[in-house]
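Per UniProt numbering: the sequence shown = residues 1 to 583.
Cβ coordinates follow ideal geometry from the N, Cα and C atoms, glycine included.
Because the structure is a prediction, the values reported are computed rather than measured.
First up is the structure itself, then whatever we jot down about it.
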Amino acid sequence: MPSLHQIHGAVSADREGWFSALLAVVSPATRTAALGPDRQPVHATNHDPGATWFELVARPLWGLAASAAGGLRADVQWDELRNSLTAAVDPAHPWYIGPPPDLDQRVVESAAVGYALAVAPHELWEPLTGRQRDHLRDWLSVAANATPVDNNWHFFPVLAATGLRAVGVQVEEARVSAHLDRLEEFAIADGWYADGPGLPARSAPRDYYVPFGFHFYGLLLASLDAVDPARAARFRSRAAEFAQQFQHWFADDGAGLPFGRSLGYRLAQGSFWPVLAAADQPALPWDRVRGLAQRHLDWWWRQPIAAEDGGLTVGYAYPNTGVVEQYLAGGSPYWGTKFFSALAAPADHPFWTAAPAALSQERVTVQPAPVMVLNRSADGDVVALNGQHAPLWNARGGAAKYAKFAYSTLAGISVPTGGADLENSAFDSALGLSDDDVHWRTRTSGSSSLDGSAVVVDWEPWPDVTVSSRLWFDGDAHVREHRIVTGRTLHIAEGGFCVPWLQVETATSTGDGTASATGSGITSSITSEDAGRTGEIVHPMPGSHLYFPRTVLPTLRSELAPGEHVLRCRVEVGRSHGSTTSA
Numbered sequence: 001m002p003s004l005h006q007i008h009g010a011v012s013a014d015r016e017g018w019f020s021a022l023l024a025v026v027s028p029a030t031r032t033a034a035l036g037p038d039r040q041p042v043h044a045t046n047h048d049p050g051a052t053w054f055e056l057v058a059r060p061l062w063g064l065a066a067s068a069a070g071g072l073r074a075d076v077q078w079d080e081l082r083n084s085l086t087a088a089v090d091p092a093h094p095w096y097i098g099p100p101p102d103l104d105q106r107v108v109e110s111a112a113v114g115y116a117l118a119v120a121p122h123e124l125w126e127p128l129t130g131r132q133r134d135h136l137r138d139w140l141s142v143a144a145n146a147t148p149v150d151n152n153w154h155f156f157p158v159l160a161a162t163g164l165r166a167v168g169v170q171v172e173e174a175r176v177s178a179h180l181d182r183l184e185e186f187a188i189a190d191g192w193y194a195d196g197p198g199l200p201a202r203s204a205p206r207d208y209y210v211p212f213g214f215h216f217y218g219l220l221l222a223s224l225d226a227v228d229p230a231r232a233a234r235f236r237s238r239a240a241e242f243a244q245q246f247q248h249w250f251a252d253d254g255a256g257l258p259f260g261r262s263l264g265y266r267l268a269q270g271s272f273w274p275v276l277a278a279a280d281q282p283a284l285p286w287d288r289v290r291g292l293a294q295r296h297l298d299w300w301w302r303q304p305i306a307a308e309d310g311g312l313t314v315g316y317a318y319p320n321t322g323v324v325e326q327y328l329a330g331g332s333p334y335w336g337t338k339f340f341s342a343l344a345a346p347a348d349h350p351f352w353t354a355a356p357a358a359l360s361q362e363r364v365t366v367q368p369a370p371v372m373v374l375n376r377s378a379d380g381d382v383v384a385l386n387g388q389h390a391p392l393w394n395a396r397g398g399a400a401k402y403a404k405f406a407y408s409t410l411a412g413i414s415v416p417t418g419g420a421d422l423e424n425s426a427f428d429s430a431l432g433l434s435d436d437d438v439h440w441r442t443r444t445s446g447s448s449s450l451d452g453s454a455v456v457v458d459w460e461p462w463p464d465v466t467v468s469s470r471l472w473f474d475g476d477a478h479v480r481e482h483r484i485v486t487g488r489t490l491h492i493a494e495g496g497f498c499v500p501w502l503q504v505e506t507a508t509s510t511g512d513g514t515a516s517a518t519g520s521g522i523t524s525s526i527t528s529e530d531a532g533r534t535g536e537i538v539h540p541m542p543g544s545h546l547y548f549p550r551t552v553l554p555t556l557r558s559e560l561a562p563g564e565h566v567l568r569c570r571v572e573v574g575r576s577h578g579s580t581t582s583a
């Protein structure tokens with residue numbers, strides 16, 4: 001598959017260039033959506049065809065509405081979108097998607113419609129006929145009164161109501177306030193939110209739904225004067241506080257840390273930085289905010305994520321439906337158009353006039369709210385040591401996306417593809433345990449804490465097996481120490497980071513207590529600091545990795561008798577600055 005750069009060329013680093021990039025991204029979506037539900041891309045998903053088509057219809061609104069609010073014209077795309085949207089909400093039309101039930105994906109998409117009505121009524125409301133306005137009003141009113149999932153979804157009825165209010169439709173203000181009050185209960189330290197309620201031993205996730213959900217929507221509502229001044233001030237102050245930590249989730253080359261669910265929304269990862277401009281919210285120096293945003297856009301523009309017509313594929317750094325959650329469909333990646341929210345800011349805003357600046361070069365940052373310690377290498381790549389656990393609900397790949405020991409902007413992560421063996425399990429940055437050398441378990445739940453700049457996680461893979469893992473950085477490498485008490489014989493497989501596996505350039509090495517691999521300019525190694533482990537190269541199932549279609553994984557193997565054991569190893573990943581040799 002081609003990259004957006006190969007199809008459209010480089011993104012000009014100015015407001016006009018960003019608008020051209022937005023049109024390049026959304027034009028295939030609005031064009032395809034206008035053909036109707038039967039012509040939408042087909043992907044395996046747990047949503048019905050009406051909901052998946054409506055994603056394709058509505059999600060481009062995040063970018064198009066922002067650009068319209070900023071005075072930019074996209075006549076063709078708006079014509080196509082209005083035709084699709086008015087058909088989708090017309091009970092007499094064959095393309096009618098039905099009213100949004102409680103807890104339904106349609107409630108999610110209603111937020112984009114509400115935002116567009118609030119900031120771009122000249123594009124979405126004023127051109128409609130009276131009957132079309134009635135249909136849209138009635139449909140959006142149902143969405144505004146629907147029950148959302150008890151997490152960041154509480155913003156969706158609020159945004160739907162905001163749009164209705166903006167075009168003169170009365171809304172149930174008590175319901176809006178109740179949603180906003182519930183969202184307040186998810187606020188935690190340092191500007192972070194938990195994405196929903198959690199249990200004491202297994203907190204709700206703290207992932208990209210904090211920046212591209214909680215903060216994104218909160219800042220938009222504040223900028224629209226759609227919430228009371230005190231609440232708006234809290235949204236703004238939390239965002240400013242959050243920015244101090246979130247900047248460290250991005251590598252110098254623009255890559256975001258691949259962690260948590262919904263990574264298939266791609267550019268949405270970095271949408272926090274442009275929405276600061278849309279809301280005129282200073283958080284970091286504007287030149288640094290612009291640098292974070294511009295480099296992130298450029299990174300995604302280089303990835304092979306486009307179909308031949310320029311439309312976004314489903315996957316992460318390449319088309320791959322096997323590594324995304326079961327709720328993603330063909331239109332889902334267009335949530336990434338949130339990234340273009342800065343187009344709502346005028347051309348003379350400092351976000352646009354500032355020259356992109358480099359990141360803060362702080363090397364190690366401790367972040368208690370997400371239970372992470374992050375290190376920026378000398379080459380500007382980021383590794384995060386992680387104490388979070390898998391979510392309570394069954395998201396595809398949940399344990400891999402939340403509960404690995406470490407996450408890397410350079411090396412990415414693997415997601416299990418099915419099957420019980422090591423090749424399918426792909427335990428990069430994880431400790432795999434088995435009592436039969438066939439079926440493997442790794443960390444999914446437990447408890448975690450920070451001890452200074454070390455992450456401590458305690459977990460119990462079997463009732464008679466306990467593991468206490470301690471992780472800390474040593475330069476650009478990190479050390480893992482596992483204290484294991486077991487009542488059964490255990491087979492151990494501990495992985496480092498994957499590297500790409502190319503036929504002629506991937507070099508591997510194994511020995512007593514060590515394994516390493518070098519490919520495509522990345523070197524990964526894992527070295528045991530205790531006796532009895534042997535190095536091995538695992539070849540994870542093709543398509544199991546977020547970045548690379550085919551990988552190799554340096555791994556340490558051993559066997560433990562019942563009793564108490566301490567395993568310790570040193571793990572490193574970085575850019576290889578010398579030449580590589582054939583395997």
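Quiz item: Whose C-beta lies closer than 6 Å to the C-beta of Ala13 among residues of the same chain, with five residues either side of it excluded?
Solution: Gln294
Quiz prompt | Proximal residues to Ala358 (C-beta, below 7 Å), its chain only, five neighbours per side dropped | solution = Gly291
Quiz item: Considering only residues of the same chain and omitting the five flanking positions on each side of Val538, which have a CB-CB separation below 6 Å?
Solution: Leu422, Leu553 and Thr555
Quiz item: What residue does the beta strand (DSSP E) around Leu560 start on, and which one ends it?
Solution: Thr551 to Leu560
Quiz item: Counting Cβ pairs closer than 8 Å, one from the stretch 103-118 and one from the stretch 57-69, do we hit at least three?
Solution: yes
Exercise. Tell me whether Phe250 sits in a helix, a strand or coil according to DSSP, three-state version.
Key: strand
Self-check item: Contact the stretch 534-551 vs the stretch 509-516: 3+ CB pairs below 8 Å
Solution: yes
Exercise. For the beta strand (DSSP E) containing Glu481, list its first residue and its last residue.
Key: Ala477 to Thr486
Exercise. Go through its chain and collect everything with a Cβ distance to Trp273's Cβ below 6 Å, but skip five positions before and after it.
Key: Val289, Leu292 and Ala293
Quiz item: Anyone know if the C-beta pair for Arg557 and Val479 falls short of 8 Å?
Solution: no
Exercise. From the DSSP output, read off the bridge partner residues of Thr514.
Key: Gly511 and Thr527
Quiz item: Under 8 Å, do Ser332 and Glu109 count as touching if we go by C-beta distance?
Solution: no
Practice problem: Would you kindly report the start and end of the unbroken alpha helix (DSSP H) that includes Val382? | Solution: Unbroken run through Val382 is the beta strand (DSSP E), Val382 to Asn386; no alpha helix (DSSP H).
Quiz item: Rounded to whole angstroms, how far is the Cβ of Gly397 from the Cβ of Phe339, which I believe are closer than 8 Å?
Solution: No, Gly397 and Phe339 are not in contact; Cβ-Cβ is about 23 Å, not under 8 Å.
Quiz item: Does the Cβ of Pro37 have 16 or more other Cβ atoms within 10 Å, making it buried, or fewer, making it exposed?
Solution: buried
Quiz item: Secondary structure at Val566, three-state DSSP: helix, strand or coil?
Solution: strand
Quiz item: Could you give the distance in angstroms between the alpha-carbon of Asp428 and the alpha-carbon of Ala342?
Solution: 36 Å
Quiz item: Is the beta carbon of Ser576 less than 8 Å from the beta carbon of Thr523?
Solution: yes
Quiz item: To which residues of the same chain is Thr409 closer than 6 Å at the C-beta, ignoring the five residues directly before and after it?
Solution: Ala251, Ala255, Leu257, Asp381 and Val382
Quiz item: Out of Gly487, Trp393, Arg483 and Phe473, which has the shortest C-alpha to C-alpha gap to Asp435?
Solution: Gly487
Quiz prompt | Among Lys404, Val57 and Leu276, the one whose alpha carbon lies nearest that of Ala390 | solution = Lys404
Quiz item: With a CB to CB cut of under 6 Å and the five nearest residues on each side skipped, what residues in its chain are close to Ala243?
Solution: Ala283 and Leu284
Exercise. Flag Leu450 as yes if its beta-carbon sits less than 8 Å from any beta-carbon of chain B, otherwise no.
Key: Here chain B cannot be found, since the structure has a single protein chain.
Quiz prompt | Three CB pairs or more closer than 8 Å across the stretch 88-98 and the stretch 357-375 | solution = no
Quiz item: What runs of the beta strand (DSSP E), each 3 residues or longer, lie entirely inside the stretch 310-373?
Solution: 364-367
Quiz item: Buried or exposed: Arg449, going by 16 or more other Cβ atoms within 10 Å of its Cβ?
Solution: The residue asked about is misnamed: residue 449 is Ser in this sequence, not Arg. By the 10 Å Cβ count, Ser449 comes out exposed.
Exercise. Determine the burial state of Ser141: buried for a count of at least 16 other Cβ atoms within 10 Å of its Cβ, exposed for fewer.
Key: buried
Quiz item: Rounded to the nearest angstrom, how far is the Cβ of Gly452 from that of His545, given a contact under 8 Å?
Solution: Going by Cβ atoms, the distance from Gly452 to His545 rounds to 32 Å, so no, they are not a contact pair.
Quiz item: So is Ala92 buried or exposed if we call it buried at 16+ other beta carbons inside 10 Å?
Solution: exposed
Practice problem: Using a threshold of 8 Å, state whether the C-beta atoms of Leu392 and Thr45 are closer than that. | Solution: no
Self-check item: Own chain residues within Cβ distance below 8 Å of Glu241, not counting five before or after
Solution: Asp190 and Gly191
Exercise. Starting from the Cα of Arg568, find the closest Cα among Pro542, Asp530 and Thr551 and give me that residue.
Key: Asp530
Practice problem: Would you kindly report the start and end of the unbroken alpha helix (DSSP H) that includes Ile7? | Solution: Leu4 to His8
Quiz item: Helix, strand or coil: which one does DSSP assign to Tyr402?
Solution: helix
Practice problem: Give the DSSP-derived three-state secondary structure of Glu308 in the structure shown. | Solution: coil
Quiz item: My guess is that Tyr407 and Ala384 are in contact by the Cβ rule of under 8 Å, so how many angstroms apart are they, rounded?
Solution: 5 Å
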